[in-house]
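Undergrad:
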Ligand code: LLP
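In UniProt numbering, the protein residues as written are 5 to 440.
1) Taking the straight line between their C-alpha atoms, what separation do you get for residue 383 and residue 343?
2) Quick check: does the Cβ of residue 200 come within less than 8 angstroms of any heavy atom belonging to the ligand LLP?
3) Among the residues of its own chain, which have a CB less than 7 angstroms from the CB of residue 141, if the five just before and after it don't count?
4) Go through its chain and collect everything with a Cβ distance to residue 11's Cβ below 7 angstroms, but skip five positions before and after it.
5) Once DSSP output is grouped into helix, strand and coil, what is the label at residue 303?
6) I need the straight-line Cα distance from residue 374 to residue 47, nearest angstrom please.
7) Does the Cβ of residue 86 lie closer than 8 angstroms to at least one heavy atom of the ligand PLP?
8) Apart from the five residues on each side of it in sequence, which residues of its chain come closer than 8 angstroms, Cβ to Cβ, to residue 350?
9) Starting from the C-beta of residue 277, find all residues in its chain whose C-beta is less than 6 angstroms away, skip the five residues before and the five after it, and write them out in chain order.
10) Quickly, what does DSSP pair residue 382 with across the bridge? List them, please.
11) Spatial neighbours of residue 139 within its chain, please: CB distance less than 7 angstroms, with the 5 preceding and 5 following residues excluded, ordered by chain position.
12) Check this for me: beta carbons of residue 404 and residue 327, under 9 angstroms apart or not?
13) Can you determine whether any heavy atom of the ligand LLP sits closer than 8 angstroms to the C-beta of residue 65, and answer yes or no?
14) Is any non-hydrogen atom of the ligand LLP found closer than 8 angstroms to the C-beta of residue 253, if you look at the structure I gave you?
15) How far does the alpha helix (DSSP H) with residue 91 in it reach, from first residue to last?
16) Counting only runs that start and end within the segment 239-302, where is the beta strand (DSSP E) found for 3 or more residues in a row?
17) DSSP state of residue 393, grouped into three classes?
18) Would you identify the three-state DSSP class for residue 360, choosing helix, strand or coil?
19) Which residue comes first and which comes last in the beta strand (DSSP E) that contains residue 84?
20) Roughly how many whole angstroms lie between the Cα atoms of residue 242 and residue 337?
21) Taking only runs of the alpha helix (DSSP H) that begin and end inside the segment 166-212, which ones reach a length of at least 4 residues, in chain order?
Next up, the structure:
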């Protein structure tokens with residue numbers, strides 16, 4: 005946290021709002037976003053393209069965090085979005101987001117989802133496999149419509165990140181294989197479809213990546229493919245979409261580049277390679293999710309029970325856990341926390357911060373240095389804005405938290421806390437009859 009995030013009362017400040025007041029007003033667990041920080045990151049991405057004078061789109065990967073307010077904020081920032089399900093498409097449409105600024109991704113888009121996308125007038129469909137080309141062919145014929153497409157390739161780049169979130173390696177479920185000629189078959193097939201307008205190529209190599217090398221390698225492979233397609237099929241690539249994946253700082257030891265610096269390198273790599281190969285520089289699209297919302301998100305929890313295991317460690321339990329943030333349990337992801345009601349007090353011990361779920365693996369932070377705490381204190385886990393709420397569950401029938409957008413000292417409830425009634429609404433009695 006920054007120095008200006010501590011109030012005179014020695015409370016954590018988020019978006020100009022006192023975190024303790026937010027916890028009182030909205031309850032905990034509470035997800036709070038610093039809206040100005042989201043906007044700033046958007047602008048930083050947009051500026052790096054403008055400085056380098058290339059056509060671009062900054063497309064927010066909304067799987068990282070999607071709600072109505074977020075879609076409206078992205079629209080306000082002139083961003084595009086990446087959507088991966090009927091749910092994301094519908095929520096974005098209902099939020100007023102223009103279909104023309106959406107790119108539809110996924111390795112198994114259903115007929116219903118593709119139909120919805122086409123009917124809505126989706127901007128781009130990222131074609132992932134041959135089955136999908138066939139499906140889309142039928143749908144476009146039925147609907148008498150056409151659509152812009154990108155061909156997603158697996159560039160054969162192994163990004164150094166957790167195995168579950170790597171996507172660019174050869175052995176991947178996503179996209180057309182590059183080396184075996186699949187990509188060429190896909191291009192030929194798509195070019196034969198009068199209703200599909202092939203804009204260009206897409207590759208996403210993975211997520212939470214710290215090294216530049218993977219992005220440079222993927223960028224070069226994309227340009228090389230574009231150059232070959234120009235030669236062999238006289239096909240001009242108008243768009244290269246390099247995906248997202250820019251790593252963020254979760255804990256003090258992480259030292260990633262600024263997200264826009266990854267993008268600067270990608271732009272320069274593409275420009276240099278296209279110049280060398282005598283191609284026109286195409287538009288460059290990026291699809292960051294985590295780097296836009298991750299650092300802007302905080303989760304506030306109330307401290308409850310404590311267990312001291314003599315000679316081993318102390319467990320400090322909070323009122324949320326793996327239901328609102330599965331990342332530590334799923335990926336061994338590391339986080340840091342501050343005591344939001346006295347962020348400046350010196351740490352006096354190291355504790356393990358545990359959730360309330362009935363599972364030993366429900367640990368949010370393995371080792372956190374913290375001042376003395378008592379039940380009722382508020383802990384803020386930092387950098388929880390990406391893939392936290394969006395991967396939340398109702399495990400143990402706990403309800404999902406509320407979400408607040410904080411900006412300039414104003415707090416807006418943008419997603420209300422779930423209630424058990426919301427869950428019960430889906431249920432019927434044992435005999436199948438409606439519940440009373
Ligand atoms: N584009 C495509 C095609 C993607 O598959 C993804 C993420 C992104 C963009 C955005 O990547 P980002 O900038 O957010 O790294 N649940 C995992 C992350 C899964 C990422 C899936 N795809 C986690 O919590 O770490």
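Positions of the beta carbon are idealized from the N, C-alpha and C atoms, including for glycine. Computed from a predicted structure; not experimentally measured.
TA: A quick look at the data gives this:
1) 5 angstroms
2) no
3) 197
4) 17 and 22
5) strand
6) 35 angstroms
7) For the ligand PLP, the structure offers nothing, since it holds only the ligand LLP.
8) 375
9) 224 and 227
10) 306
11) 115 and 118
12) yes
13) yes
14) no
15) 90-98
16) 243-245 and 287-290
17) helix
18) coil
19) 84-87
20) 37 angstroms
21) 186-196
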